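Below: one structure, written as structure tokens.
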Amino acid sequence: MQRFSSLILPAIAAVLLTACSASEDYMPPVYSCDCGTLVLDGDSLQVLGAEFVYLQQEDSLFSRRYFVTADAQAEGESEEHGVSLILDVPNVQQGAVFYPADGVFTQIDETNFNVAFDTTQTFRITNGVASIMAAPLTGGEETVTLDFLIRREQNGELVGFERTLKGNFKLEIN
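Our numbering runs 45 ahead of the 1-based position in the sequence shown.
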């Protein structure tokens, strides 16, 4: 029995030493899809990601909900600063969708952790168009070009001045 307990002590010590070893600090991977640019009030923002899902409706094969994120971090900012866009397109084969449109969901958020308060602002499209070069039915590249006027939405009301959001992004449709 004593021999058994004398073997357990070195095993526990080895496990503790292994478990407590130092490792490098975790750094999240830098992601960039190289798939477009958004321009917010004249500032060019690199698109980091562009994805889509099909909308559940009659023409679901031709409908999309795009999810786009862009890096808005300015020189001298040390914290995250980004813009995200959710854009519904009822039928990509129409070629263009004019916003605002009844029953079509859109949301634009600017998140800036470099400010002390109000880190996330939500915007609504007040006027604009999204032009879509739809991918072939067999799959391929789809390109979306945006030209929007947006205003901040706070408690369901539009506040502040209009801003411009333009640009384009592309993604693969399989």
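Backbone N, C-alpha and C define an ideal beta-carbon position, used for all residues, glycine too. Quick caveat, the model's predicted, so the values are computed rather than measured.
Residues in its own chain within less than 8 Å of residue i by CB, not counting five upstream and five downstream?
i: F206; result: R196
i: K215; result: C80, G81, A95, E186, E187, T188 and V189
i: T164; result: T156, N157 and F158
Since residue i sits in a beta bridge, which residues does DSSP pair it with?
i: Q199; result: E202
i: L191; result: A175 and G212
i: Y99; result: DSSP lists no partner for Y99.
i: I170; result: I195
i: I218; result: G185
i: D154; result: S129 and T167
i: V220; result: Since the first residue shown for the chain is 46 and the last is 219, residue 220 is missing from the structure and cannot be characterised.
i: A117; result: Answer is none; A117 lacks a bridge partner.
i: L90; result: L83
i: V142; result: A175
i: F112; result: E96 and I131
Note down, in chain order, each residue of its chain lying with its Cβ closer than 6 Å to the Cβ of residue i, except the 5 sequence neighbours on either side.
i: P145; result: I170
i: S77; result: L93
i: T190; result: S176 and N213
i: A161; result: none
i: V142; result: V134 and A175
i: E125; result: F158
So with Cβ pairs under 8 Å, would you call residue i a contact of chain C?
i: K211; result: Judged by its chain identifiers, the structure shown contains no chain C, having just a single protein chain.
Below 8 Å on the Cβ atoms is my guess for residue i versus residue j; work out the distance and round it to an integer in Å.
i: A117; j: L85; result: 7 Å
i: Q101; j: I131; result: Not really, about 15 Å apart at Cβ, beyond 8 Å.
i: N172; j: L194; result: 5 Å
i: V128; j: L83; result: 6 Å
Given 7 Å as the limit, tell me if residue i has its C-beta closer than that to any heavy atom belonging to the ligand SAH.
i: P181; result: Among the components of this structure there are no ligands whatsoever, and the ligand SAH is therefore not found.
So, for residue i: in the same chain, excluding its five sequence neighbours on each side, which residues have a beta-carbon less than 7 Å away from its beta-carbon?
i: E198; result: T167, F168 and R169
> Does the stretch 170-181 come within contact of the stretch 133-149, defined as at least 3 CB pairs closer than 8 Å?
Replying inline: These segments touch.
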